[in-house]
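Report on the structure given below.
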Amino acid sequence: MEKPKLLISREQIAKRITEMAKQITTDSAGERVLFVGVLKGAAVFLTDLVRQVDLDASFDFIGVSSYGNPPGPKQEKVWDSTGEVRLTKDVDESLRGKNVILVEDILDTGLTLAFLKRLLLGHQPKSLRIAVLLDKTARRKLTVEADYVGFKIPDEFVVGYGLDYAEQYRNLPDICTLSNVSSPA
Ligand code: IMP
Ligand code: MG
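Below is the structure:
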């Protein structure tokens with residue numbers, strides 16, 4: 003198994019999450035907020051984030067899967083911008099009339115968040131915002147803006163702090179790069 007190379011340390015992550023939580027607390031002062039994390043990658047980020055948000059808050063999870071192969075080495079086209087995303091687990095509670103913050107690990111092509119945004123807006127929340135820990139701006143195919151971004155990162159395949167390669171490395175405390183894995187085309 004390749005040894006991952008450090009990109010963002012646990013200390014940098016913790017510091018940035020504290021700043022993001024303060025911003026969310028300020029922006030949503032006096033409101034109830036429902037955080038919806040995208041399984042499985044965002045689970046680690048969500049649990050660290052919500053514990054620093056000083057608001058009346060609750061959280062839930064949603065699951066999606068992309069058709070085609072997962073990101074990996076020497077793979078040709080993995081997915082395109084036509085919307086090959088499907089829901090594998092819906093939220094447990096109604097979003098209607100609620101202030102929802104969708105929490106995702108990484109914004110890459112934008113396909114996943116564009117799909118989820120459309121889906122969640124259909125539930126008629128009072129407001130919908132997006133928080134992502136990482137943003138690979140160079141690879142965007144669909145226009146999706148996150149309201150809260152932890153770090154903008156270069157076009158490299160990252161693992162750790164919830165992010166995986168073939169279900170491995172999710173438990174690494176830091177965000178690292180895997181050099182022999184290329185992002186999907
Ligand atoms: P998008 O739909 O292309 O924006 O991709 C979002 C999803 O792709 C994320 O939720 C991740 O599951 C996965 N992904 C994209 N880039 C990476 C990466 O560098 N490491 C691990 N997973 C990634
Ligand atoms: Mg994911």
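Start counting the sequence shown at 3; every next residue gets the next number (the numbering used here).
In this text, a Cβ means the ideal position worked out from N, Cα and C, and glycines have one as well.
Am I right that Ile15 and Tyr163 are in contact with their C-beta atoms under 8 Å? What's the rounded C-beta distance? 6 Å
Starting from Glu4, trace the beta strand (DSSP E) both ways and give me its first and last residue. Per DSSP, Glu4 belongs to no beta strand (DSSP E) and is neither H nor E.
Gly43 classed as buried or exposed, judged by whether at least 16 other C-beta atoms fall within 10 angstroms: buried
Spatial distance of Lys143 from Ala31 (CA atoms): 34 Å
Considering only residues of the same chain and omitting the five flanking positions on each side of Lys154, which have a CB-CB separation below 7 Å? Asp137 and Thr139
For Glu95, count neighbouring C-beta atoms within 10 Å of its own C-beta (all shown protein chains included) and say buried if the count is 16 or more, exposed if not. exposed
Any idea if Ala168 is buried or exposed, counting beta-carbon neighbours within 10 angstroms, 16 or more meaning buried? exposed
Taking the continuous alpha helix (DSSP H) assigned at Arg141, which residues delimit it? Looking at the DSSP string, Arg141 is not in any alpha helix (DSSP H), and its letter there is neither H nor E.
Run the CB neighbour count on Thr114, radius 10 Å, all protein chains shown included, and call it buried at 16 or more, exposed below. buried
Paired residues, beta bridge with Gln170 - DSSP: Tyr167
Going by DSSP, name the residue or residues bridged to Asp62. Val38
In whole angstroms, what separates the C-alpha of Lys7 from that of Arg172? 14 Å
Could you check where the beta strand (DSSP E) with Glu106 kicks off and where it finishes? Asn101 to Leu109
Is Leu89 near Ile108, with beta carbons less than 8 Å apart? no
So the candidates are Gln25, Val35 and Asp92; which of them puts its Cα closest to the Cα of Asn101? Val35
For Ala23, I'd like the list of residues in its chain whose CB is within less than 7 Å of its CB, leaving aside the five on either flank, ordered along the chain. Leu51, Gln54 and Val55
Using a threshold of 7 Å, is the CB atom of Thr28 nearer than that to any non-hydrogen atom of the ligand IMP? no
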